[in-house]
Amino acid sequence: MFFTKRAIDATEPDVYVSGEKFQVVSDFKYLGFILDSNLSFKKHVKKVIQITKFNLANFRFIRNCLTTEVAKLYFKSMILPHLTYCLTSWDQACCTTLRPIQSVYKQALKVLDRTPNSHHHCYILRKHELLSWENLVQYTDACLVFKILNGLAPLPLSIFVKQKTQTYGSRSTRSAMRGDCIRKSTFSKSVFSVRASHVWNTL
346 MFFTKRAIDA TEPDVYVSGE KFQVVSDFKY LGFILDSNLS FKKHVKKVIQ
396 ITKFNLANFR FIRNCLTTEV AKLYFKSMIL PHLTYCLTSW DQACCTTLRP
446 IQSVYKQALK VLDRTPNSHH HCYILRKHEL LSWENLVQYT DACLVFKILN
496 GLAPLPLSIF VKQKTQTYGS RSTRSAMRGD CIRKSTFSKS VFSVRASHVW
546 NTL
């Protein structure tokens, strides 16, 4: 796919591999992750919302029959995995696109704690020792950076996110990360290589 954030009137070029012409599409599903030509991730977020709401409806229906521990197990196995799948790739979408994800996450927390929708979710987070959505995103980024530092992540990530070479200094300077990205726009500042490096350097 050819990715761009700008509207281009030019005709897409024909691309051939081994004599086979590539078909021009507006979006493509790969390993359960929907990529679109504008990298807006709207279709992927919509799909995640549909799946999560279905599981959330079932969760709400059976919640009174579950103990707290079993309810947590359902939450962590049937809600969180769908919300966080490939999160480091699509959480750079705009706030408007991600707002439904945050809303569903808060609804799931309230179903878990059996509290009304008017109840604030911060109390639930402290009670069950869970992360807010913003902290969950940062935690996911930090985990992937850790894998990159220890050679556990795919090689391309090690190319775009590198560790600064320091022979002396504090712990923070020795383990500082550098994201190789030309930050000319708001979109480029939100990509994983820049965003995750910033999160790691603040730890």
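All residue numbers for the sequence shown refer to my numbering, where the first residue is 346 and numbers rise by one. Beta carbons: idealized from backbone N, C-alpha and C, even for Gly. All values reported here derive from a predicted model rather than from experimental measurement.
Residue i: CB within 7 Å of a non-hydrogen atom of the ligand FAD
i    : result
Y450 : Among the components of this structure there are no ligands whatsoever, and the ligand FAD is therefore not found.
Buried or exposed by the 16-neighbour rule on C-beta atoms within 10 Å, applied to residue i
i    : result
F404 : buried
V390 : buried
H465 : exposed
H427 : buried
I527 : Confidence is the limiting factor: at I527 the pLDDT is only 48, short of 50, which leaves the residue's position unreliable, though a coordinate-based value still follows. By the 10 Å Cβ count, I527 comes out exposed.
T397 : buried
8 Å Cβ cutoff met for residue i and residue j
i    : j    : result
S535 : Q437 : yes
L443 : I424 : no
T433 : L489 : yes
T547 : T485 : no
K455 : N462 : yes
A453 : F420 : yes
L384 : D372 : no
E357 : V370 : no
Q508 : L494 : yes
I394 : V360 : no
W553 : F367 : With the chain represented from 346 up to 548, any question about residue 553 goes unanswered, as that position is not in the structure.
Sequence-distant residues of its chain with Cβ nearer than 6 Å to residue i (five each side left out)
i    : result
Q483 : V544
F378 : C431
Y513 : Any answer about Y513 is weak, because its pLDDT of 49 lies below 50 and its placement is not dependable; what the coordinates show is given next. Same-chain partners within the cutoff: there are none.
Same chain, Cβ closer than 7 Å to residue i, neighbours up to 5 away in sequence not counted
i    : result
L492 : Leu is not the amino acid found at residue 492; the sequence shown has Lys there. Answer for K492: A498, listed in chain order.
8 Å Cβ cutoff, residue i in contact with chain C
i    : result
G377 : The structure shown contains no chain C; it is built from a single protein chain.
Rounded Cβ spacing between residue i and residue j (contact assumed at less than 8 Å)
i    : j    : result
A416 : L457 : 5 Å
R459 : R408 : 6 Å
Neighbourhood of residue i by C-beta, 8 Å cutoff - its chain only, sequence neighbours within 5 removed
i    : result
K388 : D372, I379, D381
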